[in-house]
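If you're matching them up, the sequences are chains A and B in order. Residue numbers for the first sequence follow our numbering, so the first one is 1 and each next one is one higher. Residue numbers for the second sequence follow our numbering, so the first one is 1001 and each next one is one higher. We treat Cβ as the ideally placed atom computed from N, Cα and C, and that holds for glycine. Model, not experiment: these values are computed from the prediction.
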Amino acid sequence: MKDVFTIANKNFNSRLIVGTGKYKSFEETANAVKASGADIVTVAVRRVNILEKNQPLLMDYLDPKSITYLPNTAGCYSSEEALRTLRLAREMGGWRMVKLEVLGDKKTLYPNMIETIKSTEILVKEGFDVMVYCTDDPILTKKLEDVGACAIMPLGAPIGSGIGIQNKINIALIKEQSLVPVIVDAGVGTASDATIAMELGCDGVLLNTAIAEAKNPVLMAEAMKHAVIAGRKAFKAERMKKRQYASASSPQRNLI
Amino acid sequence: MNNLNVAKIQLNGKPYEINDGINLNELLNKLKIHKNKVAIEVNGEIVEKNKYINLILNKNDKVEIVKFIGGG
């Protein structure tokens, strides 16, 4: 049975979205992305280094025609900066689907939700499909949906922390009430964290550091691919009820 | 004669000398940058790719050229 992942009317096979930062080389980035099976990769917008001519570009290793680039606004601390970045990204090659993140604090990289909501509203009016990195607050995620976000992306834990989903209750609540896809973005450290996100019913997982900082990134990318599939299937299969005491697996009758 | 045809612009935050009157396409050629791999802002305004040829750079223009890099 096909289990298509749809964001802003576009269909994707993989529910895993991976970042392309923190890798040792573009080769390693490309190999890890391939092993992860992701259809979407996040990318950042930065100044070209004028002094280094003919330097290799990410696009030379990850073809934007065969994988969906999701431009992000990492490093932006105000609505103005984020809007400028995404408008430039769109001009680069027609990207309409973007990842908005407006940060509020350098130490925690926690999102500034006031600026985030404001930016989402403007970007939606400008015709962007906005996937939004946000806190795991169900009231604020509802607000994001109201202003037109095409995907809600609550953090499982701070960016790059690798400590896994800290508030499963909120993530499940957000998923339950949301009409657009919910993708856990940030905090995943290892395969089981990604599986938990999917078991909670989330539509997808976005991660970067968990793969890039693994000792063997390509192997971890493969693990994440399976982890997301496993979690999704477990969710769809509807798990057994939990019991306080044992329940024997072998029949009790006709014992010898 | 000296420096008569040279204009100083701000390119990605740093002073940069160009031949006065060149357009954005010519600047990209000089920098060996493919226009499909970047986006450009001149004096805070994004320039569409099909307008590069008509955009003549002037003294003190602020030019930003950006690309995609790895990010999360």
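Hey, does residue i have any beta-carbon neighbour from chain A nearer than 9 Å?
{"i": "Glu-1053/B", "result": "It should be pointed out that residue 1053/B corresponds to Ile in this sequence rather than to Glu. By this cut-off, Ile-1053/B is not an interface position."}
{"i": "Val-1006/B", "result": "no"}
{"i": "Leu-1024/B", "result": "no"}
{"i": "Lys-1062/B", "result": "no"}
{"i": "Glu-1017/B", "result": "no"}
{"i": "Met-1001/B", "result": "Residue placement at Met-1001/B is flagged as unreliable, the pLDDT there being 44, under the threshold of 50; a coordinate-derived value is accordingly withheld."}
{"i": "Leu-1057/B", "result": "no"}
{"i": "Asn-1012/B", "result": "yes"}
{"i": "Val-1042/B", "result": "no"}
{"i": "Asn-1050/B", "result": "no"}
Looking only at C-alpha atoms, which of the options sits nearest to residue i?
{"i": "Val-48/A", "options": "Lys-1059/B, Val-1063/B and Glu-1048/B", "result": "Val-1063/B"}
{"i": "Arg-239/A", "options": "Glu-222/A, His-226/A, Ala-223/A and Ile-196/A", "result": "Ile-196/A"}
{"i": "Ile-17/A", "options": "Lys-2/A, Lys-24/A, Tyr-23/A and Lys-34/A", "result": "Lys-34/A"}
{"i": "Leu-179/A", "options": "Lys-142/A, Asn-208/A, Ala-212/A and Tyr-77/A", "result": "Lys-142/A"}
{"i": "Cys-134/A", "options": "Tyr-245/A, Leu-86/A, Gln-244/A and Glu-115/A", "result": "Glu-115/A"}
{"i": "Met-97/A", "options": "Val-218/A, Ser-249/A, Ala-221/A and Lys-10/A", "result": "Lys-10/A"}
{"i": "Val-41/A", "options": "Lys-215/A, Ile-122/A, Gly-204/A and Ser-119/A", "result": "Gly-204/A"}
{"i": "Leu-83/A", "options": "Glu-52/A, Val-132/A and Lys-241/A", "result": "Val-132/A"}
{"i": "Ser-104/A", "options": "Trp-95/A, Val-147/A, Glu-222/A and Ile-117/A", "result": "Looking at the sequence itself, residue 104/A is Gly, so the reference to Ser does not match. Per the Cα distances, Ile-117/A."}
Assuming residue i is part of the beta strand (DSSP E), what are its boundary residues?
{"i": "Gln-1010/B", "result": "1006–1011"}
{"i": "Gly-204/A", "result": "204–207"}
{"i": "Arg-46/A", "result": "40–47"}
{"i": "Leu-1057/B", "result": "Leu-1057/B -> no beta strand (DSSP E), and no H or E assigned at all."}
{"i": "Thr-6/A", "result": "5–7"}
{"i": "Arg-97/A", "result": "The question names Arg, but residue 97/A is Met in the sequence shown. Met-97/A -> beta strand (DSSP E) spans 97–100."}
Could you confirm whether any beta carbon from chain B is found closer than 9 Å to the beta carbon of residue i?
{"i": "Val-45/A", "result": "yes"}
{"i": "Asn-167/A", "result": "no"}
{"i": "Pro-71/A", "result": "yes"}
{"i": "Ala-221/A", "result": "no"}
{"i": "Asn-208/A", "result": "yes"}
{"i": "Ala-248/A", "result": "no"}
{"i": "Leu-83/A", "result": "no"}
{"i": "Thr-20/A", "result": "yes"}
{"i": "Ala-89/A", "result": "yes"}
{"i": "Phe-128/A", "result": "no"}
What is the residue span of the alpha helix (DSSP H) that residue i lies within?
{"i": "Met-92/A", "result": "79–93"}
{"i": "Phe-235/A", "result": "217–237"}
{"i": "Pro-138/A", "result": "138–146"}
{"i": "Ile-174/A", "result": "168–177"}
{"i": "Tyr-61/A", "result": "58–61"}
Measuring only from the beta carbon, is residue i closer than 8 Å to any heavy atom that is part of the ligand GTP?
{"i": "Asp-39/A", "result": "As presented, the structure is devoid of all ligands, the ligand GTP included, so that no description of it is given."}
Closer than 9 Å by beta-carbon distance: list the chain E residues that pair up with residue i, in chain order.
{"i": "Leu-1031/B", "result": "No chain E is present in this structure, whose protein chains are A and B."}
Since residue i contacts residue j with CB under 8 Å, what's their CB separation in whole angstroms?
{"i": "Gly-201/A", "j": "Ala-234/A", "result": "Contact flag wrong, Cβ pair sits at about 10 Å."}
{"i": "Val-43/A", "j": "Tyr-23/A", "result": "Val-43/A to Tyr-23/A, Cβ: 12 Å. No contact."}
{"i": "Ile-50/A", "j": "Leu-1011/B", "result": "6 Å"}
{"i": "Gly-21/A", "j": "Gly-1070/B", "result": "4 Å"}
Would you call the segment 55–62 of chain A and the segment 25–40 of chain A touching, i.e. three or more CB-CB distances under 8 Å? Counting Cβ pairs under 8 Å, three or more are found: they touch.
Is it a yes or a no for the segment 151–161 of chain A touching the segment 120–128 of chain A, going by three-plus beta-carbon pairs under 8 Å? Verdict: no, contact absent.
Would you call the segment 209–216 of chain A and the segment 184–198 of chain A in contact, with 3 or more CB pairs under 8 Å? Result yes; three or more Cβ-Cβ pairs closer than 8 Å.
Any contact of the segment 84–97 of chain A with the segment 1050–1062 of chain B, i.e. 3+ C-beta pairs under 8 Å? Under the Cβ criterion (8 Å, minimum of three pairs), the segment 84–97 of chain A does not count as touching the segment 1050–1062 of chain B.
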